[in-house]
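Taking it in order: structure first as structure tokens, then the write-up.
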Amino acid sequence: KAGVTQTPRYLIKTRGQQVTLSCSPISGHRSVSWYQQTPGQGLQFLFEYFSETQRNKGNFPGRFSGRQFSNSRSEMNVSTLELGDSALYLCASSLSTATDTQYFGPGTRLTVL
Amino acid sequence: QKEVEQNSGPLSVPEGAIASLNCTYSDRGSQSFFWYRQYSGKSPELIMFIYSNGDKEDGRFTAQLNKASQYVSLLIRDSQPSDSATYLCAVSLSGNTPLVFGKGTRLSVIA
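So the sequences go chain by chain: D and H.
Counting in my numbering, the first sequence runs without a single skipped number right up to 337 at its last residue.
Counting in my numbering, the second sequence runs without a single skipped number right up to 123 at its last residue.
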């Protein structure tokens, strides 16, 4: 069974730009969660999607948004990038709830210059 | 503010010893508890989950939960250098609430 895939794996952007990251969950998984990981703050929850609906949202500004498609693939978008947005963005999929076993993708390393 | 606290380490143990990793959480209503392992440059992978008070064993790993003390731990018996990684504790209130992760404890197993 194919694992969670994320594209792109690496991104370099400049302040003020926007970026879109993509996540394809494991086949049959309907819940997709996004996390931001930085050395100082650890793993922080961004949002969770289930059946194309945002079910949970973390404490991040509105510049961070996401969506889920009918095939469960998910995208997250960050607008007006700031230096502090540099991080590893991880996507995790699970069968139906956030506390089913979550399988993480390899992540997208975003660097904002 | 729901919080999950872990000692950042590094925790150094000799090969073959027992490594004990600890985690405390602030929300008394927490129901589900998870331990993830993250190797440097890789994404987290689930080691164990525990829902009930007491011990749960899986191979060399034992998770211990004490809801009264709001404390969950992970014991790794016969530690191997390949166990060297960062261990993340994650907690959730219920099935549809997101996991809250601790910042992780870095474990180093010395050969």
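Yeah, the Cβ is synthetic: ideal placement off N, Cα and C, and Gly gets one too.
(request) List the endpoints of the continuous beta strand (DSSP E) containing residue 301 of chain D. (result) 298-302 is the extent of the beta strand (DSSP E) around residue 301 of chain D.
(request) Using a cut-off of 9 Å between C-beta atoms, extract the partners of residue 96 of chain H located in chain D. (result) Under the 9 Å cutoff, chain D gives no residues; its nearest Cβ is about 18 Å from residue 96 of chain H.
(request) Could you tell me which of H/42, H/119 and H/84 sits nearest to residue 109 of chain H, measuring between CA atoms? (result) When only C-alpha atoms are compared, the closest one is H/42.
(message) Checking 7 Å against the spacing of the C-beta atoms, do residue 34 of chain H and residue 85 of chain H come in under that value?
(response) yes
(message) Can you give me the C-alpha to C-alpha distance between residue 45 of chain H and residue 114 of chain H, rounded to a whole angstrom?
(response) 11 Å
(message) Which residue marks the beginning of the beta strand (DSSP E) containing residue 69 of chain H, and which one marks its end?
(response) 66-70
(request) Classify residue 335 of chain D as buried or exposed, calling it buried when 16 or more other Cβ atoms lie within 10 Å of its own Cβ. (result) exposed
(request) Please name the residue, chosen from H/55, H/63 and H/30, that lies closest to residue 82 of chain H on a Cα-to-Cα basis. (result) Ranking H/55, H/63 and H/30 by Cα distance to residue 82 of chain H puts H/63 first.
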